[in-house]
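> Reading the sequence shown from the start, the letters are residues 1 to 921 in the UniProt record's numbering.
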Amino acid sequence: MVVLRGMRLLLPLLAIICISLNNVSSVDRNNFRTCDQTSFCRRCRAVSPGASPYELQLDTLQATASSVTAELLNTAMNVKFVFQLYSLSDNTFRMKINELSPLKPRHEVQFVLNGEPNYVRLDLVEKTSAKAVVKSGHNKVEIFASPFRVDVYRGTELVISTNARGLMRFEHLRPKPAPKPEATEEAPAEPAPVVDDTENDPGSWEENYKSHHDAKPNGPTAVALDFTFPGAEQAYGVPLHADYVALRNTKGIDPYRLFNLDVFEYELENGMSLYGAVPVLYAHGLKGSAGVFWLNTAETWIDVTKPDGENVVSSLVNLVSGSGQEPQVDTHFMSESGIMDVFFFVGPKPLDVFRQYSALTGTAPLPPLFSLGYHQCRWNYNDEDDVRNVALGFDEHDIPMDVMWLDIEHTDNKKYFSWDPIKFAHPTEMIQNLTAMGRKLVTIVDPHVKRDPGYYLHRDAEANGYYVKNKDGNDYEGWCWPGSVSYLDFFNPATREYFSDRYLLENYAGSTLDVHIWNDMNEPAVFNGPELTMFKDNVHYGGWEHRDVHNMYGLMLVMSTYEGLQKRSQGALRPFILTRSFYAGSQRYAAMWTGDNLADWSHMRMSVPMCLTMAISGYSFCGADVGGFFKYPDAELFTRWYQLGAFLPFYRAHSILESKRREPWLYNPETTELVRLAIRKRYTYIALWYTLFFEHTRFGTPVIRPLFAQYPDDKDGFSVDNEFLVGDTLLVHPVVTAGATQAQVFFPGENERWYDTDTFEIFRGRSVHNIAVDITKIPVYQRGGTILSKLERVRRSSTLMHNDPYTIIVAVDDNGNAKGTLYIDDGETYKYKSNAYLYIQLEFSNNTLKAKFIDKKAHFASKAWIERIVVLGLLKPITQTTIESKSVGRQSLKYSNDDIWNVVVVRKPGVSVTEEWTLYL
Numbered sequence: 001m002v003v004l005r006g007m008r009l010l011l012p013l014l015a016i017i018c019i020s021l022n023n024v025s026s027v028d029r030n031n032f033r034t035c036d037q038t039s040f041c042r043r044c045r046a047v048s049p050g051a052s053p054y055e056l057q058l059d060t061l062q063a064t065a066s067s068v069t070a071e072l073l074n075t076a077m078n079v080k081f082v083f084q085l086y087s088l089s090d091n092t093f094r095m096k097i098n099e100l101s102p103l104k105p106r107h108e109v110q111f112v113l114n115g116e117p118n119y120v121r122l123d124l125v126e127k128t129s130a131k132a133v134v135k136s137g138h139n140k141v142e143i144f145a146s147p148f149r150v151d152v153y154r155g156t157e158l159v160i161s162t163n164a165r166g167l168m169r170f171e172h173l174r175p176k177p178a179p180k181p182e183a184t185e186e187a188p189a190e191p192a193p194v195v196d197d198t199e200n201d202p203g204s205w206e207e208n209y210k211s212h213h214d215a216k217p218n219g220p221t222a223v224a225l226d227f228t229f230p231g232a233e234q235a236y237g238v239p240l241h242a243d244y245v246a247l248r249n250t251k252g253i254d255p256y257r258l259f260n261l262d263v264f265e266y267e268l269e270n271g272m273s274l275y276g277a278v279p280v281l282y283a284h285g286l287k288g289s290a291g292v293f294w295l296n297t298a299e300t301w302i303d304v305t306k307p308d309g310e311n312v313v314s315s316l317v318n319l320v321s322g323s324g325q326e327p328q329v330d331t332h333f334m335s336e337s338g339i340m341d342v343f344f345f346v347g348p349k350p351l352d353v354f355r356q357y358s359a360l361t362g363t364a365p366l367p368p369l370f371s372l373g374y375h376q377c378r379w380n381y382n383d384e385d386d387v388r389n390v391a392l393g394f395d396e397h398d399i400p401m402d403v404m405w406l407d408i409e410h411t412d413n414k415k416y417f418s419w420d421p422i423k424f425a426h427p428t429e430m431i432q433n434l435t436a437m438g439r440k441l442v443t444i445v446d447p448h449v450k451r452d453p454g455y456y457l458h459r460d461a462e463a464n465g466y467y468v469k470n471k472d473g474n475d476y477e478g479w480c481w482p483g484s485v486s487y488l489d490f491f492n493p494a495t496r497e498y499f500s501d502r503y504l505l506e507n508y509a510g511s512t513l514d515v516h517i518w519n520d521m522n523e524p525a526v527f528n529g530p531e532l533t534m535f536k537d538n539v540h541y542g543g544w545e546h547r548d549v550h551n552m553y554g555l556m557l558v559m560s561t562y563e564g565l566q567k568r569s570q571g572a573l574r575p576f577i578l579t580r581s582f583y584a585g586s587q588r589y590a591a592m593w594t595g596d597n598l599a600d601w602s603h604m605r606m607s608v609p610m611c612l613t614m615a616i617s618g619y620s621f622c623g624a625d626v627g628g629f630f631k632y633p634d635a636e637l638f639t640r641w642y643q644l645g646a647f648l649p650f651y652r653a654h655s656i657l658e659s660k661r662r663e664p665w666l667y668n669p670e671t672t673e674l675v676r677l678a679i680r681k682r683y684t685y686i687a688l689w690y691t692l693f694f695e696h697t698r699f700g701t702p703v704i705r706p707l708f709a710q711y712p713d714d715k716d717g718f719s720v721d722n723e724f725l726v727g728d729t730l731l732v733h734p735v736v737t738a739g740a741t742q743a744q745v746f747f748p749g750e751n752e753r754w755y756d757t758d759t760f761e762i763f764r765g766r767s768v769h770n771i772a773v774d775i776t777k778i779p780v781y782q783r784g785g786t787i788l789s790k791l792e793r794v795r796r797s798s799t800l801m802h803n804d805p806y807t808i809i810v811a812v813d814d815n816g817n818a819k820g821t822l823y824i825d826d827g828e829t830y831k832y833k834s835n836a837y838l839y840i841q842l843e844f845s846n847n848t849l850k851a852k853f854i855d856k857k858a859h860f861a862s863k864a865w866i867e868r869i870v871v872l873g874l875l876k877p878i879t880q881t882t883i884e885s886k887s888v889g890r891q892s893l894k895y896s897n898d899d900i901w902n903v904v905v906v907r908k909p910g911v912s913v914t915e916e917w918t919l920y921l
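The structure is reproduced here in structure tokens:
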């Protein structure tokens, strides 16, 4: 059933309404500040649009091969800054603004970028008293002197305008003002002239929140800047928030906040901070895509508005009615400290801006194959017998599983790198028993250290100065799971080296190379701290306040963990790490998940846009706790969550200590069977996941994608996030409402075919259909024009499927063509970097399927072979099949035709994946 365009546009609104009715989380908002309760956010947001006091001194402008530099003056305060603009490869620019002569150095972010950016030629082509114009390739930047403004062009199209609304604010370092004398009745004090734009804010030089005091020794240091995106209709990015893919209009409500926090039972549909922060924002419209990366690790707030202030409902109405107003997105970034360091991405398409960002901060390294399987976790498995029995339970119920997890209770009184001497007295034997089943173990290591004089880690940290200091220079003490704790200072290179060495097998007694790591509570979480985290006036190595580096604390921890796991195997084996807290660049070291969610339909639904936003922000390895961390899911919710989780990159069940046990076989037999089928389906697609992660590593493309990423010209899909794409191959529409018997599926793409992966029925693009969804089904479709490779002999773990034969599914487009890729290596080492792999191009045209190697120099001795080839959508039955390769020569094959769905099945081609071959139909 094809519906009108306007009705399709209402689908995201209907989803929003459904979520709102079911939002039942119980976060304590009193624990977390609003913008109005945060002095720097108040000040920055109070700047009114208009003429900016900042002027570029063009007579000071100097040009080099790849940059221009000039002085920038705040005319209201008579303070000078230095402005720098650089040109980078791949349609990217960088702008830095810092104080020209600060009282002390301001924090500039390190460790986040994936090496030094690739700077390229930048030509100064025009300079007048009013502006300067520079060009890089076909792009240009116009720099206006008074008021200061920077306009970025893609060709002749203006895509980003900086300070167009005059909201720039750069609070220079200054001496603390002397107290004003109190007025007396005889001689009232004369009002002093206003010379300081912060003096009327009581939070400028010190600030209180609840019972916590922030000394602010450096006073006000905020930086803020506005970015306008002409022609854009939606903005995306700035994770992590429990919100939709398309960012909401923040006019009249709090901005989106980036300040990594441990939020208990977080709310949905708002911009409250959660566990991670990635300050990259994209804007997209029919004219193209652009983006900005705000490289600042301090607390940051982001306003997103449209000039007319329209809300979601009015926006949809205008789109339906065809309003002719030129679209535009306005944004405003506000950070507490640091400098302005901004990267501009000029697209032109969504996949281009995603790649441009990933080129700066890096892609996820190719993960070990087992990490793409199913993970079983709870807080906590009781003891070694419990671990063994759960692992055996998966075998008894024929459910594959790759990884068992242990939470904090496995340790000796919450002392990390240890084992409970009674419950886990024989860890090496327990791990080896798992390994014999083709499985791995993940243990937890948090950044807080129990202040126990008998604990070697505490003694070493205290003796060597490895802890974060408080404002008085003493070791900072807080409260977390072990009780009284201190926090390792990972900004200290000696701390990082010491910590990474704890993972060596000789130091982590009882561990093996099959133990991988979970870094949790690394926001950092402090139960008795302000907003459940560390004091901002704490001090790190180098003299930097915690306020300067808060959002990258978790990154520094996982960077050290990654180094330790690599050293443990002398660089031979790929680590797997899961982190809760993250920043831009964390994707180079660890997977992440959406944190402490609820066993609730709304939280399951929101896991999709949360992970989609992570994926387009460079962080594809994302998942959510299947079944929900808090509370207990009923059988229907449990089943639907497993069906959805099978199509997110990270697939793990997890639950809180107090919750009822929920291994799949503890539900009724029907539910157990449905969960079994969902997990087994994941394993049939594991070759697709592995190939997509390889291509993400190489090309920077997101593993899962919102519809607009693949269909940038289809306005109807700009806000759709109740369904998503796996690569460019599968369309997934999870069932996220109780009692659903139908799902309204939007099929994108004007000329696309979409094949139901269960029935092979064809649906046309640019249409909406009501699909029947009993409890056994969620709608999943393969795009016409794609080829995917499946492993249909599912075993107890992915490790045991490594040499199994492949089934190739060819779904042709309207022209009878299709393409796909397949990547194969050993699944665990770095030998692929020495060309020990296979990267295969599969291409179907003119009823001929060819397999060729993309990288001719690569080789891998796989035992896998092609078991079956299924071709979907041929216009007429075939009468003969022949295969040709070097090993089999040319021979005829058995086949069958399904005339109803135009499906051809070719049985046992028998060719190896290590050779090129051709199939003729």
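Using N, Cα and C, we set each Cβ at its ideal position, and we do this for glycine too.
In this structure, how does DSSP classify P734 when only helix, strand and coil are distinguished?
P734: coil per DSSP, three-state reduction.
> What residues in its chain sit with their C-beta under 6 Å from that of residue 936, if we drop five residues either side in the sequence?
Shown here, the chain extends from 1 to 921; a query on residue 936 therefore has no answer.
> My output table needs one value for S321: the three-state DSSP class, helix, strand or coil.
The pLDDT assigned to S321 is 32, lower than 50, so where the model puts this residue is not dependable; a value taken from the coordinates is nonetheless given after this. Helix at S321.
> Expressed to the nearest angstrom, what Euclidean distance is found between the alpha-carbon atoms of Y487 and P447?
If I take the Cα positions, the gap works out to 6 Å.
> Nearest by alpha-carbon distance to P327: which of F345, V485, L532, P307 is it?
Per the Cα distances, P307.
> Using a Cβ-Cβ distance cut-off of 8 Å, determine whether R165 contacts chain C.
This model lacks chain C altogether, as it is built from one protein chain only.
> Which residues share a DSSP beta bridge with E126?
DSSP output for E126 lists V133 as bridge partner(s).
> Extract the residue ranges of the alpha helix (DSSP H) inside the segment 424 to 508, only unbroken runs of 4 or more that lie entirely within it.
Within the segment 424 to 508, the complete alpha helix (DSSP H) runs of at least 4 residues are 427 to 436, 456 to 464, 493 to 501.
> Using the Cβ count rule (16 or more neighbours within 10 Å means buried), how would you classify S617?
Under this definition S617 is a buried residue.
> Compute the Euclidean distance between the alpha carbons of residue 976 and F293, then round it to the nearest angstrom.
Residue numbering for the chain in the displayed model covers 1 to 921; residue 976 lies beyond these limits and cannot be assessed.
> Drop a sphere of 10 angstroms on the beta-carbon of P202, count the other beta-carbons inside from all chains shown, and report buried for 16 or more, exposed for fewer.
P202 comes out exposed.
> In chain order, which alpha helix (DSSP H) runs of at least 4 residues are fully inside the segment 577 to 606?
Segments of the alpha helix (DSSP H) lying fully in the segment 577 to 606: there are none.
> Roughly how many angstroms lie between the CA atoms of T75 and F83, to the nearest whole one?
About 15 Å.
> For L565 and T198, I'd like the C-alpha separation in whole angstroms.
Approximately 47 Å between the Cα atoms of the pair.
> Kindly list the residues whose CB is nearer than 6 Å to the CB of Y553, restricted to its own chain and excluding five residues on each side of it in sequence; keep chain order.
Result list for Y553: P524, in chain order.
> Going along the chain, which unbroken runs of the alpha helix (DSSP H) with 4 or more residues stay wholly within the segment 354 to 436?
Listed in chain order, they are 384 to 396, 427 to 436.
> Using beta-carbon positions only, say whether S896 and T882 come within less than 8 Å of one another.
No. Outside cutoff.
> Out of K440, G219, D452, point me to the one whose CA is closest to L800's CA.
Closest option to L800, Cα to Cα, is K440.
> On the DSSP bridge assignment, give the partners of M340 in chain order.
DSSP lists I97 as partners of M340.
> At the level of alpha carbons, what is the spacing between V390 and K833?
One C-alpha to the other measures close to 36 Å.
> If you drop the 5 nearest sequence neighbours on each side, which residues of the same chain put their C-beta closer than 8 Å to that of P421?
Closer than 8 Å at the Cβ level, and outside the excluded window around P421, lie D412.
> If you drop the 5 nearest sequence neighbours on each side, which residues of the same chain put their C-beta closer than 6 Å to that of R588?
Answer for R588: G362, listed in chain order.
> Suppose contacts are defined by Cβ-Cβ distances below 8 Å. Is V159 in contact with A290 by that definition?
For V159 and A290, yes; Cβs fall inside 8 Å.
> Tell me whether F259 sits in a helix, a strand or coil according to DSSP, three-state version.
Of the three classes helix, strand and coil, the one that applies to F259 here is coil, per DSSP.
> Following the continuous alpha helix (DSSP H) through A678, name the residue where it begins and the one where it ends.
Per DSSP, A678 belongs to the alpha helix (DSSP H) from 669 to 684.
> If distances are taken between C-alpha atoms only, which option among V911, E867, H213, V133 comes closest to V905?
Of the candidates V911, E867, H213, V133, the one whose C-alpha sits nearest the C-alpha of V905 is E867.
> Which runs of the beta strand (DSSP E) fall wholly inside the segment 746 to 819 and span at least 3 residues, in chain order?
Qualifying beta strand (DSSP E) stretches, in chain order: 753 to 756, 762 to 764, 767 to 772, 780 to 783, 786 to 790, 806 to 811.
> Can you check DSSP and say which residues form a bridge with Y119?
Its beta-bridge partners are L88.
> Between which two residues does the alpha helix (DSSP H) harbouring K567 extend?
Here the alpha helix (DSSP H) through K567 covers 553 to 568.
> According to the Cβ coordinates, are residue 931 and G623 closer than 8 Å?
Because the chain spans 1 through 921 in this model, residue 931 falls outside it and cannot be assessed.
> I60 to S66, Cα distance in whole Å?
First, the amino acid is wrong: residue 60 is Thr here, not Ile. Whole-angstrom Cα-Cα distance: 17 Å.
> Where does P12 land, buried or exposed, given buried means 16+ other C-beta within 10 angstroms?
With a pLDDT of only 36 at P12, under 50, the local geometry of the prediction cannot be trusted, and the value read off the model is given with reservation. Looking at its Cβ environment, which holds 16 or more other Cβ atoms inside 10 Å, P12 is buried.
> Identify whether H546 lies in helix, strand or coil by the three-state DSSP scheme.
In this structure, H546 counts as helix in the three-state DSSP scheme.
> Quick check on DSSP: helix, strand or coil for W205?
Coil at W205, not helix or strand.
> Using the C-alpha atoms, what's the distance from T428 back to T914?
Roughly 37 Å separates the two Cα atoms.
> Could you tell me if K886 is buried or exposed, where buried requires 16 or more neighbouring beta carbons within 10 angstroms of its beta carbon?
Exposed is the call here.
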